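In our numbering, the protein residues as written are 1 to 516. Beta carbons are placed, not taken as given, at the ideal position from N, Cα and C, and that holds for glycine. Because the structure is a prediction, the values reported are computed rather than measured. Note sheet for the following structure.
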Ligand SMILES: Cc1cc2nc3c(=O)[nH]c(=O)nc-3n(C[C@H](O)[C@H](O)[C@H](O)COP(=O)(O)OP(=O)(O)OC[C@H]3O[C@@H](n4cnc5c(N)ncnc54)[C@H](O)[C@@H]3O)c2cc1C
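Below, the structure written as structure tokens:
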């Protein structure tokens, strides 16, 4: 953290002058889906906005990380993003082409008059009297200061908030270890039709038996995971000709500390080694992949969770299990727990909590029964009502709210956060981190920043109802179709949930391909 001491030619830091690169109304740190939506929302409302991204493209994990499955509710600016992807033949069944997705985001940001700085890292924050005044960026010509009236931290690792001295959480409570990180990869020259029609796809869709056999036969040196996380066909590329491209989530590092550069380096290197032997394993054991070759690995490591802000409210696993609704809702999600194991194979779709004085292992929705790690001592899995698989009842199309307060940092003014670094415990973050939820949180943060500028108040003081009305007016899904949001007039039931509502004709977008 550095203070703001304006001198001729820039700002003074320990006897050195850092030149001022520019002055903005809104600066967004990190250009993943949360950051791009935040910047668009602010730019769209006429505020001078800059987005700063460390890598060479926008989209973060959804593009550079090859996570080409934007799941959860689509709404607001997300409609426009999906429409643009569709025009480019870059989306099918919630599977996207990450290359075209980068271009779509470039164009949308430029359309909303946002300035974009790629290959530029945020390295510090400028703070004066508990108010963030801007950030410091590393450029090819040295460090520069960017002054800002509002900063939105969408770095995934809460970098700007951390540099500002804001309170942080990281990983699990006991030792700060983050859940497993994964390096995505794309295989080319596959016969997707053959794979889909295979006995393996029918009888062992998550490759669980195939993996066991591979280990026994020595095709796999160790159990990287006990199941295939997901596999998606890349839309708009060769099809039905044996030259399809598929994106795969099957490479995992454990014991992860993703805010430590040494550990990040370790994970990239071991990830590429895993891709090498997994490609051979897949080629030998999976029908349709006999001629495949490695096309690319993600240029951004799949970090699911790392440093998170401590906001005015910390979203909890209990909130997810109870499908909690908040008066200051700014985003909804239907995704339950999905904690990828910290130290070994498998993922955990339950959370330990007390129900009626008894320790239980609770899931959020029926997908929780698909956990690949059972509770300790094979204890039973129940829903929040304590019901087991035989009689468990879940609310149809259940969803929970993400409150605005989880985006508002606790101590520093004029600073918001959005995306996977939201204020949440590990279980809540493991659910609330899907691509479209992060996108919507970003849109909400950008909209809140804009309102706070118009009214000349800190984002903390933005009226929740005003923010919600503005979001709803811009087609953001706050669940207004399904329930009455306290304090808002009725009448939002006409909301056209066109990418998620199965009754509407764009039904194809509901299909989810092996998500976890
Ligand atoms: C392996 C894996 C599989 C997943 N599977 C799915 C799935 O199937 N479906 C789904 O919907 N979601 C999935 N997710 C979750 C989802 O991809 C992410 O949670 C979401 O994309 C996060 O978006 P974000 O914008 O918050 O963060 P990111 O995408 O992480 O964006 C942060 C951006 O900030 C940049 N940045 C970081 N630090 C700095 C800095 N100091 N200065 C400048 N820039 C910086 C980064 O380069 C990055 O571009 C998965 C995640 C992982 C890791």
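Compare the C-alpha of residue i against each of the options and name the closest.
| i | options | result |
| --- | --- | --- |
| residue 176 | 342, 495, 454 | 342 |
| residue 187 | 208, 298, 139 | 298 |
| residue 447 | 437, 462, 436 | 462 |
| residue 257 | 335, 246, 170 | 170 |
| residue 194 | 290, 316, 489, 128 | 290 |
| residue 189 | 464, 196, 246, 102 | 246 |
| residue 316 | 240, 336, 22, 196 | 336 |
| residue 359 | 385, 266, 248 | 385 |
| residue 117 | 81, 101, 89, 32 | 32 |
| residue 99 | 250, 59, 121, 127 | 59 |
| residue 167 | 1, 456, 469, 287 | 1 |
| residue 312 | 3, 422, 204, 387 | 422 |
| residue 48 | 146, 121, 366 | 146 |
| residue 225 | 237, 206, 238, 236 | 206 |
| residue 143 | 460, 481, 20 | 20 |
| residue 582 | 196, 473, 164, 269 | Missing from the structure shown is residue 582; the chain here goes from 1 to 516 and no further. |
Among the residues of its own chain, which have a CB less than 6 Å from the CB of residue i, if the five just before and after it don't count?
| i | result |
| --- | --- |
| residue 276 | none |
| residue 507 | In this prediction, residue 507 scores a pLDDT of 37, lower than 50, which makes its location untrustworthy; the coordinate-derived value is nonetheless stated afterwards. Closer than 6 Å at Cβ, skipping near neighbours: no residue. |
| residue 445 | 38, 152, 407, 416, 418 |
| residue 327 | 486 |
| residue 179 | 304, 305, 339, 340, 342 |
Taking the alpha-carbon positions, what's the residue i to residue j distance?
| i | j | result |
| --- | --- | --- |
| residue 319 | residue 407 | 16 Å |
| residue 349 | residue 371 | 5 Å |
| residue 498 | residue 78 | 11 Å |
| residue 486 | residue 479 | 12 Å |
| residue 314 | residue 429 | 10 Å |
| residue 405 | residue 199 | 49 Å |
| residue 9 | residue 24 | 17 Å |
| residue 518 | residue 353 | Lying before the first or after the last residue shown, residue 518 is absent from the chain, which here runs from 1 to 516. |
| residue 208 | residue 450 | 49 Å |
| residue 427 | residue 128 | 34 Å |
| residue 513 | residue 230 | Residue confidence is low: residue 513 scores 43 on pLDDT, short of 50, so the model does not pin down where it sits. No coordinate-derived value is stated. |
| residue 242 | residue 363 | 40 Å |
| residue 305 | residue 265 | 17 Å |
| residue 517 | residue 468 | The first residue shown for the chain is 1 and the last is 516, placing residue 517 beyond what the model contains. |
Counting only the same chain and skipping the five closest in sequence on each side, list residues whose C-beta sits under 7 Å from that of residue i.
| i | result |
| --- | --- |
| residue 458 | 413, 414, 452 |
| residue 302 | 61, 65, 67, 181, 182, 183, 184 |
| residue 219 | 281, 284, 285 |
| residue 233 | 95, 192, 244, 246 |
| residue 5 | 11, 12 |
In chain order, what residues of the same chain lie with their CB nearer than 8 Å to the CB of residue i, ignoring the 5 residues before and after it?
| i | result |
| --- | --- |
| residue 222 | 215 |
Compute every distance between the C-beta of residue i and the non-hydrogen atoms of ligand 3, then say whether any falls below 7 Å.
| i | result |
| --- | --- |
| residue 192 | Ligand 3 is not part of this structure, which contains only ligand 1. |
Determine contact between the region 36 to 49 and the region 132 to 144, defined as no fewer than three beta-carbon pairs at a distance below 8 Å. As far as the Cβ criterion goes, the region 36 to 49 does not touch the region 132 to 144, which means the pair count is below three.
Run through the region 104 to 165 for me and flag every whole alpha helix (DSSP H) of 4 or more residues, listed as ranges in chain order. If only complete runs of 4 or more residues are kept, the region 104 to 165 shows the alpha helix (DSSP H) at 159 to 163, in order along the chain.
On the three-pair Cβ rule with 8 Å, is the region 10 to 18 touching the region 90 to 108? No, the region 10 to 18 does not touch the region 90 to 108.
Cβ contact check for the region 24 to 33 and the region 46 to 65: 3 or more pairs under 8 Å: Short answer: they touch.
Any chance the region 387 to 405 sits against the region 317 to 331, with 3 or more Cβ pairs inside 8 Å? Contact between the region 387 to 405 and the region 317 to 331 is present, because at least three Cβ pairs lie under 8 Å.
Going residue by residue through the region 6 to 87, where are the continuous beta strand (DSSP E) segments of at least 3 residues, counting only ones entirely within it? Entirely contained in the region 6 to 87, the beta strand (DSSP E) runs reaching 3 residues are, in chain order, 10 to 13, 16 to 18, 20 to 29, 49 to 52.
Return the chain-ordered ranges of every beta strand (DSSP E) run that is complete within the region 401 to 453 and spans a minimum of 3 residues. Fully enclosed beta strand (DSSP E) runs of 3 or longer: 415 to 417.
Would the region 467 to 483 and the region 73 to 88 be scored as touching if the rule is three or more Cβ pairs under 8 Å? Contact holds between the region 467 to 483 and the region 73 to 88, because three or more Cβ pairs, one in each stretch, are under 8 Å apart.
Just list the beta strand (DSSP E) runs in the region 260 to 319, keeping only unbroken ones of 3 residues or longer that don't cross its boundaries, in chain order. You should have 293 to 297, 307 to 309.
Can you give, in chain order, each stretch of the beta strand (DSSP E) that sits fully within the region 327 to 363 and has at least 3 residues? Taken in chain order, the unbroken stretches of beta strand (DSSP E) that lie wholly in the region 327 to 363 and span 3 residues or more are 329 to 333, 351 to 355, 358 to 362.
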